[in-house]
Amino acid sequence: MKPSKAQTVAVIDFETTGLAPNGGGRATEIAAVLVRDGAIVDSYQSLMKTGAWVPPFIQELTGISNEMLAEAPAAESVMQDLAVFTRACPLVAHSAAFDKGFWQAEMALAGCTPDPAHESFACTVLLSRRLYPDAPNCRLGTLAQFHALPNSGRAHRALADAMTTAHLLLRIQNDVEERFATELAGMQAEHLLLSRLQRANKAALKRCVQDFAKRQVLQAA
């Protein structure tokens, strides 16, 4: 049984000046892609000015220069707009620990009220490790080639990477629904299930899906 209202999930990606906000890193670009009922339905992208300096090697990697950021909207405004755009949407990212750290830090600096839906991230790296053991590795570009995903543009730009991750999420949802069709009995591979699968032992994926489906039936009763 499918839920009466399709769940909207926001796939996000940051470009940044460093590896972590607690090490002084700040965001330089953010993108969010909305996925609902098996399709990409909307997107948001913006550079963001924080005043932080972008090192030369980061400029070369991302193509985002200090000059570009000087003309960008303030980070506070961008994150406030993004909070509205993703309101009530569970979040997904590739290597989610990285994006979650910047998401929380930049939202806090922007004075945004925490959204309960944003507390749990699903990670397409963790899910791919469990679902695709034959993939050479779990880098986003490698998985895009492995699954023949659509070309979304230059890597290491927020919108292109978020779009690729969104296509990967759709592939993951489809594969989970097909692989565990008997256990799910028509239910969708929604965010809550993916959040549980990403932490499950590879040998216990089926049991994880069975437990999820059983709880969904009990809650609906």
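Counted the way the working numbering counts, the sequence shown spans residues 532 to 752.
For glycine and all other residues, C-beta sits at the position ideal for the given N, C-alpha and C.
None of the values given here were measured: they were computed from a predicted structure.
C654 carries a strand assignment under DSSP once its states are collapsed to helix, strand and coil.
Contact between the region 610-623 and the region 673-687 is absent: fewer than 3 CB-CB pairs across the two stretches fall below 8 Å. One thing to note: A689 has its Cβ within 8 Å of the Cβ of F545.
For G569, same chain residues with a beta-carbon under 8 Å away, outside a window of 5 residues either side, are L701, Q704, N705 in chain order. Ranked by Cα distance from R567, the first of T539, T547, L749 is T539.
Secondary structure within the region 562-596: the beta strand (DSSP E) runs of 3 or more consecutive residues, fully enclosed, are 570-578 (chain order). In the three-state reduction of the DSSP assignment, D646 falls in the coil class. D544 sits in a strand when the DSSP states are folded into three classes. In terms of CA proximity to A563, I543 leads the group I543, L578, N553. Contact between the region 727-742 and the region 652-659 is established, with three or more Cβ pairs separated by less than 8 Å.
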